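Enquirer: Please see the structure below; I have some questions.
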Amino acid sequence: MPELEILDGGGATQLETYNLDLTGSLWSASALNDNPDLVEQMHRDYLEAGADIIETCTYQVSLEGFKTKEATSSAVQKGVQIANNAINTHNEVDHSSQKQLAYALGPFAVATADGAEYTGEYSVDYSLSQGSLYSENLKQFHLGRLKVLNTQAKVDILLFETVPLLSEVRAIRAAVEEYRAYVKSSVPLYISLVFPDGSLPGSKILSEGPSGIKDIIETIFGGNSAEVDAIGINCTKPHYLRRLVSDIVDHLSSYELNRKPKLMIYPDGGLVWDGKERVWRQPEHSHHADSSWAETVADAASIVANDAFSPFSGVIVGGYCKSGPKEIKQLRSICQTRGWL
């Protein structure tokens, strides 16, 4: 049967529960300099809740945000060190623990800090208008954030998340291919996509071309660029999960791969992010369900976890914005009850 692992939950929204103001353009990344102790506390809270994998607090890190390469590199090193400190502290109590650390990076939208990850409409002010330089500029943006990572940094996963465009997936794979050659290492690559209304934002952008599930599978796993070890769904409303997971499983089942990847499922808590006002709002249409958030996530995971012939080698479940340690603890408990852990 596929292996199951637990991911942590929302970073920024959990930090906000510690009374931090993260409304600036650096979002949670600002806490790396301003409140590193609370960032470490956030990581420890998720580890104690049962997370097997935690993400660095670096989603919003970019040269555009921190202004200089030195400041960007410093923030990244702090993010990795703080997370590793939390893991080491946890392991002092739980000697059998084998926690993993994912170096987490958002899409190009973090440079504009305007919520464009939910629309895929990237500002032309950042030299990303469609044209001959578009793909190269996107690649260089992501490569720059990889190269500021210390080659000795202890990370287990390169995680690109909340990606809205297949053109960006191609750029990420190209960047990681170049980065792997640069550091002479093959740290596993996970790419997670966002489906705000149940579909990829790029599906509404004419220049992106077809962006259905079949196209997603081919873009992530096809070609000769960097091999991808996991495909994910994140920052997506829970009620879309079962359909998305079923469609991904169906299309991947007919796709030939040398080895099975993992599937990541980590939706948000159900609220809607207003990128312009930088606040969380209630959705226009409420999707009431009899099951809890954790049960909804587990039900989606069951499509893989209960299938001995699944095209996936494992499934990773967790949460994103507005899901916290309480939800992750509940999710782990449900997965244990269902015999997956």
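All residue numbers for the sequence shown refer to the numbering used here, where the first residue is 153 and numbers rise by one. All C-beta atoms in this analysis are idealised placements derived from N, C-alpha and C, irrespective of residue type, glycine included. Treat the numbers as computed from the prediction; the structure is a model and nothing was measured.
(1) Buried or exposed for A183, please, with buried defined as at least 16 other CB atoms from any protein chain shown within 10 angstroms of its CB.
(2) Could you please give the first and the last residue of the uninterrupted beta strand (DSSP E) stretch that includes M416?
(3) Work out the CA separation of D381 and S465 for me, nearest whole Å.
(4) What's the C-alpha gap between A452 and L358?
(5) I'd like to know whether the C-beta atoms of L159 and I234 end up nearer to each other than 7 Å.
(6) Is A183 close to the ligand FMN? I mean its beta-carbon at under 6 Å from any heavy atom of the ligand.
(7) Express the C-alpha separation of Q292 and I480 in angstroms, rounding to a whole number.
(8) At the level of alpha carbons, what is the spacing between Y418 and G217?
(9) On the DSSP letters alone, give me the boundaries of the beta strand (DSSP E) that Q510 sits inside.
(10) Determine the burial state of K221: buried for a count of at least 16 other Cβ atoms within 10 Å of its Cβ, exposed for fewer.
(11) So S226 is in the alpha helix (DSSP H); what residue range does that whole segment cover?
(12) Assuming contact is defined by CB atoms lying nearer than 7 Å, are E269 and V346 in contact in what I supplied?
(13) Do V339 and L415 count as a contact pair if the criterion is CB distance below 7 Å?
(14) Assuming contact is defined by CB atoms lying nearer than 7 Å, are L525 and L310 in contact in what I supplied?
(15) Taking the continuous alpha helix (DSSP H) assigned at N171, which residues delimit it?
(16) Tell me which residues share the same chain as G163 and place their Cβ nearer than 6 Å to its Cβ, disregarding the 5 neighbours each side in the sequence.
(17) Rank A227, I372, E155 by C-alpha distance to the C-alpha of L178 and give the top, closest one.
(18) Confirm, please, whether the CB-CB distance from L396 to E360 is below 7 Å.
(19) In this structure, how does DSSP classify V467 when only helix, strand and coil are distinguished?
(20) Within the continuous beta strand (DSSP E) that includes N386, where are the two ends?
(21) Only counting the same chain, and skipping five residues up and downstream in sequence, which positions put a Cβ closer than 7 Å to that of I372?
(22) Please name the residue in Q434, R484, K356 whose C-alpha comes closest to that of K474.
(23) Compute the distance between the beta-carbons of A261 and L295, then report whether it is under 7 Å.
(24) What three-state label does DSSP hand D451 in the structure shown?
(25) Look at the alpha carbon of L190 and the alpha carbon of L167, and state the distance between them as a whole number of angstroms.
(26) What is the rounded straight-line gap between the Cα of H440 and the Cα of G375?
(27) For L483 and L285, what's the separation of their Cα atoms in angstroms?
(28) Express the C-alpha separation of T448 and V245 in angstroms, rounding to a whole number.
(29) For V321, report the span of its alpha helix (DSSP H) as first-last.
(30) Rounded to whole angstroms, what's the CA-CA distance from T241 to E192? Just pull it up for me.
(31) With distances taken between CB atoms, is the gap from L257 to D308 smaller than 7 Å?
(32) What do you reckon, are the CB atoms on A378 and E408 nearer than 7 Å?
(33) Please identify the residue among V424, K336, C387 whose C-alpha is closest to the C-alpha of Y211.
(34) Tell whether a beta-carbon distance below 7 Å holds between V232 and A305.
(35) Looking at C-alpha atoms only, which residue of G354, S398, S485, R411 is the closest neighbour of D459?
Expert: Looking at the atomic coordinates:
(1) With 16 or more Cβ atoms within 10 Å of its Cβ, A183 is classed as buried.
(2) For M416, the uninterrupted beta strand (DSSP E) segment begins and ends at 414 to 418.
(3) Rounded to whole angstroms, S465 to D381 spans 10 Å at the Cα level.
(4) Cα to Cα, the separation comes out at about 31 Å.
(5) Cβ distance not < 7 Å, so L159 and I234 don't count as in contact.
(6) As far as ligands go, the structure on display features none, and thus does not contain the ligand FMN.
(7) Between I480 and Q292, the C-alpha separation is close to 35 Å.
(8) Looking at the two C-alpha atoms, the distance is approximately 26 Å.
(9) Limits of the chain in this structure are 153 at one end and 493 at the other, which puts residue 510 out of reach.
(10) Flag for K221 reads exposed.
(11) Here the alpha helix (DSSP H) through S226 covers 221 to 245.
(12) Contact: yes.
(13) No; because the gap between Cβ atoms is not below 7 Å, this pair is not in contact.
(14) No answer is possible for residue 525: the residues shown for the chain start at 153 and end at 493.
(15) Taken as a continuous stretch (DSSP letters only), N171 belongs to no alpha helix (DSSP H), as it is neither H nor E.
(16) Cβ within range, chain order: S180, C209.
(17) Closest by alpha carbon: A227.
(18) Contact flag unset, no.
(19) Residue state for V467 is assigned as strand, using DSSP reduced to three classes.
(20) The continuous beta strand (DSSP E) containing N386 extends over residues 382 to 386.
(21) Cβ neighbours of I372 beyond the five flanking positions: V321, I343, V380, I383.
(22) Of Q434, R484, K356, the residue nearest in Cα terms is Q434.
(23) Taking 7 Å as the Cβ cut-off, A261 and L295 do not qualify as a contacting pair.
(24) Correct three-state label for D451: helix.
(25) Approximately 7 Å between the Cα atoms of the pair.
(26) Low local confidence applies: a pLDDT of 49 at H440 is under 50, so the model's placement there is unreliable, with the coordinate-based value given in what follows. Going by C-alpha positions, H440 is about 41 Å away from G375.
(27) Whole-angstrom Cα-Cα distance: 43 Å.
(28) Approximately 31 Å between the Cα atoms of the pair.
(29) Its alpha helix (DSSP H) spans residues 318 to 335.
(30) One Cα belongs to T241, the other to E192, and the distance between them is close to 10 Å.
(31) With respect to the 7 Å criterion, L257 and D308 are not classified as neighbours on the basis of their beta carbons.
(32) Not closer than 7 Å, so no.
(33) Closest by alpha carbon: C387.
(34) Yes, they are a contact pair.
(35) Minimum Cα distance to D459 is reached at S398.
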